[in-house]
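Working notes for the structure below.
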Amino acid sequence: MAVEASARPRTSLPALAWAAFAAVPVVVMVVEVLRAPRLHFLDYWQIFSYVTTDDGSLDLAGLFTLHNHHPIVTPGLLFWLDAQLTGGSNIAVGLVDVVLAAVVVFGLCLMLPADLDRTKKAGLTVGFSALVFSSGALEMFGIGMSGASWLLGLAPAVFAVLCAHRGNTVAALVLGVLANLGHGTAFALWPALALVAWLRGDAWWRVLAPLVALLGLFAVWLTLPAPPSAAGPGGEYGFDSQLAAVAGALSPVRGSSSSSLALGVGGAVAVVLAGFVVLAVRERAEGPAVPRPDAGWVGVGTHMLGAAAMIGFSRLDFGPTIGLTTRYATLSALATSALLALVVLRKPVLPPTRVAVGVCVVAAVTYTAGSLAAVNVRNQYPNQALLGVAMRVHADDIVAVNRISPAFASLAERAGIYPFTPDFDMGCGVRQGSRPGGTLSTTLGAVDTTPVVGNTDLRGWALVDGHSADCVFVLDRAGRVVGGGYTGLPRPDIPGAVATTEQRSGWTAVAAPSTKDGEVVVWSDGRFYRLAS
170 MAVEASARPR TSLPALAWAA FAAVPVVVMV VEVLRAPRLH FLDYWQIFSY VTTDDGSLDL
230 AGLFTLHNHH PIVTPGLLFW LDAQLTGGSN IAVGLVDVVL AAVVVFGLCL MLPADLDRTK
290 KAGLTVGFSA LVFSSGALEM FGIGMSGASW LLGLAPAVFA VLCAHRGNTV AALVLGVLAN
350 LGHGTAFALW PALALVAWLR GDAWWRVLAP LVALLGLFAV WLTLPAPPSA AGPGGEYGFD
410 SQLAAVAGAL SPVRGSSSSS LALGVGGAVA VVLAGFVVLA VRERAEGPAV PRPDAGWVGV
470 GTHMLGAAAM IGFSRLDFGP TIGLTTRYAT LSALATSALL ALVVLRKPVL PPTRVAVGVC
530 VVAAVTYTAG SLAAVNVRNQ YPNQALLGVA MRVHADDIVA VNRISPAFAS LAERAGIYPF
590 TPDFDMGCGV RQGSRPGGTL STTLGAVDTT PVVGNTDLRG WALVDGHSAD CVFVLDRAGR
650 VVGGGYTGLP RPDIPGAVAT TEQRSGWTAV AAPSTKDGEV VVWSDGRFYR LAS
């Protein structure tokens with residue numbers, strides 16, 4: 170008798186479409202990272218100095234230094250490995266951040282009930298992806314060190330909650346410790362893990378173990394060396410200011426021209442999320458102790474509320490809108506994801522299509538609202554070219570103006586990381602010490618800061634065939650390239666002075682400290698040009 174072959178489940182066209190929608194924000198963010206500068210930003214250099222010895226080897230003791238009161242064990246190790254494997258690449262760390270964020274989205278999807286309607290699950294997946302990879306979160310990826318510092322704490326935290334949600338306490342504890350090695354806001358994870366275990370009706374040791382771990386880790390944290398961190402300007406702030414800072418950290422609306430609107434949205438997220446937590450606690454206190462599908466989401470929400478409170482009360486000296494800065498975008502993404510999941514799980518009568526469309530609308534609104542924040546991040550990219558040149562030519566005054574200690578530049582040189590790698594150029598592929606060949610043509614332009622000397626912020630403008638130049642360089646008396654910078658700075662005064670519509674003809678450059686009576690030249694379409702004045 171012939172045996173009938175079992176039919177294989179087919180992936181439906183709608184399922185493929187939902188998967189494609191969920192992948193779009195990820196692909197867009199990968200493209201954004203590839204457009205980012207190679208030179209690392211700000212805190213990377215400070216943390217790298219903690220974990221690296223003078224000869225470039227790993228300083229194990231330095232891994233246990235606090236940075237801005239946060240543990241840096243896993244970020245510090247990542248930054249050191251980045252230096253060893255890529256020569257120091259912001260892009261490489263940014264791609265690691267993309268992977269970590271994808272892990273976060275995957276963990277959130279695993280927390281959804283297996284029997285949840287497929288359309289609802291697909292809509293929530295798209296929402297999670299758009300929130301975590303929102304345009305307002307560009308800093309977490311384009312500025313690699315920022316995302317690594319946060320995501321190395323948040324990715325293990327999400328999976329710790331997932332394990333607690335499934336009753337795997339030991340794995341949750343291990344992942345919780347890993348989260349604490351990445352970021353200080355993981356301290357807020359431990360009460361969340363205890364709450365998840367209690368909501369599930371787990372044995373008391375499973376409830377108490379996270380709280381014991383919290384006390385132990387906090388005791389260790391108190392013993393770790395903590396170099397002084399920069400304080401904010403402060404102000405006459407009150408309890409309302411603290412609440413505003415907390416609300417800002419939870420707001421999925423970032424980069425809005427109205428901070429009041431963004432804070433209001435964050436406040437609404439905080440109140441509704443806290444309401445769900447209170448409701449779950451009341452139901453557990455009054456009802457039977459049984460595993461529940463929303464326990465993990467209550468845990469994620471509790472963690473985000475606690476993390477936002479830590480930020481609001483510890484960083485208030487930077488102002489009540491500090492929570493709206495883009496470095497906290499992943500917190501708001503997780504808080505909003507938890508809120509959406511709790512609404513869907515607690516309202517099973519909601520039609521699947523409406524749920525999916527509604528979640529996608531929320532995701533689309535928050536994604537587009539983050540555009541201004543993304544522009545602000547991209548505006549920081551060009552100056553990395555100037556900073557890289559300043560570090561390379563030892564223009565320490567300009568390095569310091571860009572909030573980087575010259576000592577970090579010296580450490581980077583000893584370690585042989587970018588901009589002290591063989592492939593570094595001063596812009597447009599032109600190498601330090603090279604000489605422009607032949608007679609240079611003259612083009613419209615001027616140096617506003619004279620004389621042209623080294624270790625100085627040089628500025629001016631240039632036009633080649635009516636357009637901004639591609640690159641700018643500084644030559645010494647011998648005609649060698651000893652400096653560079655970047656072009657495309659806004660100069661709205663130039664169109665009124667010369668016949669052009671180009672609004673971004675400005676440039677800025679820096680040269681080696683030994684430069685005296687140098688000359689600024691520009692590069693466009695493969696040719697050097699002298700400036701007319």
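Sequence positions in the sequence shown follow this note's numbering and run 170 to 702.
For glycine and all other residues, C-beta sits at the position ideal for the given N, C-alpha and C.
These numbers come from a predicted model, not from an experiment.
Inset, instruction - Mark residue 396 as exposed unless 16 or more other C-beta atoms lie within 10 angstroms of its C-beta, in which case mark it buried. - result: exposed
Legend entry - Contact between the stretch 539-554 and the stretch 320-332 (3+ Cβ pairs under 8 Å): no
Inset, instruction - Within 10 angstroms of the Cβ of residue 607, are there 16 or more other Cβ atoms? Answer buried if so, exposed if not. - result: exposed
Legend entry - Beta-carbon gap between residue 358 and residue 326 smaller than 8 Å: yes
Inset, instruction - Taking only the alpha-carbon atoms, compute the straight-line gap between residue 259 and residue 212 and give it to the nearest angstrom. - result: 12 Å
Legend entry - Rounded straight-line distance, which links the Cα of residue 678 to that of residue 692: 13 Å
Inset, instruction - Please determine, among 371, 348, 478 and 369, the residue with the shortest C-alpha to C-alpha distance to residue 410. - result: 478
Inset, instruction - Could you pull the start and end residues of the alpha helix (DSSP H) that residue 576 belongs to? - result: 575-584
Legend entry - Beta-carbon proximity check, residue 298 vs residue 539, cutoff 8 Å: no
Legend entry - Range of the contiguous alpha helix (DSSP H) that encloses residue 627: Counting along the chain, residue 627 falls outside any alpha helix (DSSP H), though it belongs to the beta strand (DSSP E) covering 627-633.
Inset, instruction - For the alpha helix (DSSP H) containing residue 534, list its first residue and its last residue. - result: It spans 521-538 - the alpha helix (DSSP H) in which residue 534 sits, taken as one unbroken run.
Inset, instruction - Return the first residue and the last residue of the alpha helix (DSSP H) that residue 220 is part of. - result: 212-220
Inset, instruction - Could you name the residues of the same chain whose beta carbon sits closer than 8 Å to that of residue 282, not counting the 5 residues immediately before and after it, in chain order? - result: These residues qualify, in order along the chain: 462 and 514.
Inset, instruction - Report the partner residues of residue 696 according to the DSSP bridge assignment. - result: 693
Legend entry - the stretch 583-600 contacting the stretch 554-568, beta-carbon criterion three pairs below 8 Å: Three or more pairs of CB atoms, one per stretch, sit closer than 8 Å, so the stretch 583-600 contacts the stretch 554-568.
Inset, instruction - Can you check the stretch 254-331 for any alpha helix (DSSP H) of at least 4 residues that lies completely inside it and give the ranges in chain order? - result: 259-279, 287-301 and 308-311
Legend entry - Cβ-based burial, residue 134 [other Cβ within 10 Å; buried from 16]: For residue 134 there is no data in the structure shown, the boundaries of the chain being 170 and 702.
Inset, instruction - Taking only the alpha-carbon atoms, compute the straight-line gap between residue 366 and residue 344 and give it to the nearest angstrom. - result: Straight-line measurement puts the Cα of residue 344 at about 15 Å from the Cα of residue 366.
Legend entry - With 16 other Cβ atoms within 10 Å as the buried cut-off, status of residue 381: exposed
Inset, instruction - Report the residue from 620, 232, 470 and 218 whose alpha carbon sits nearest the alpha carbon of residue 349. - result: 232
Inset, instruction - Using beta-carbon positions only, say whether residue 627 and residue 651 come within less than 8 Å of one another. - result: no
Inset, instruction - Check each candidate in 301, 291, 221 and 193 and name the one with the smallest Cα separation from residue 499. - result: 301
Legend entry - Three-state secondary structure assigned by DSSP to residue 428: Helix.
Inset, instruction - Go to residue 610, then tell me how far its beta strand (DSSP E) extends in each direction, as first and last residue. - result: 610-616
Legend entry - First through last residue of the alpha helix (DSSP H) which encompasses residue 456: Looking at the DSSP string, residue 456 is not in any alpha helix (DSSP H), and its letter there is neither H nor E.
Legend entry - Outcome for residue 240 when other beta-carbon atoms lying within 10 angstroms are tallied against a minimum of 16: Label assigned to residue 240: buried.
Legend entry - When 379, 394 and 495 are compared against residue 468, the one with the closest alpha-carbon: 379
Legend entry - C-alpha gap between residue 265 and residue 198, whole angstroms: 12 Å
Inset, instruction - Please confirm if the stretch 612-630 is in contact with the stretch 668-686, defined as three or more CB-CB distances below 8 Å between the two stretches. - result: yes
Legend entry - Collapsed DSSP secondary structure at residue 171 in the structure displayed: A caution first: residue 171 carries a pLDDT of 39, below 50, which makes its placement in the model too unreliable to give a value.
Legend entry - CA-to-CA distance, residue 294 to residue 480, given in whole angstroms: A straight-line Cα-Cα distance of about 28 Å links residue 480 and residue 294.
Inset, instruction - Taking residue 408 as part of the alpha helix (DSSP H), name the residues at either end of that continuous run. - result: 408-419
Inset, instruction - Could you tell me which uninterrupted alpha helix (DSSP H) segments, each at least 4 residues in length, are contained entirely in the stretch 644-678, listed from first to last along the chain? - result: 663-666
Legend entry - N- and C-terminal bounds of the alpha helix (DSSP H) containing residue 337: Premise fails: residue 337 is in no alpha helix (DSSP H) and is neither H nor E.
Inset, instruction - To the nearest angstrom, report how far apart residue 447 and residue 392 are at their CA atoms. - result: 35 Å
Legend entry - As assigned by DSSP and simplified to three states, the class of residue 642: strand
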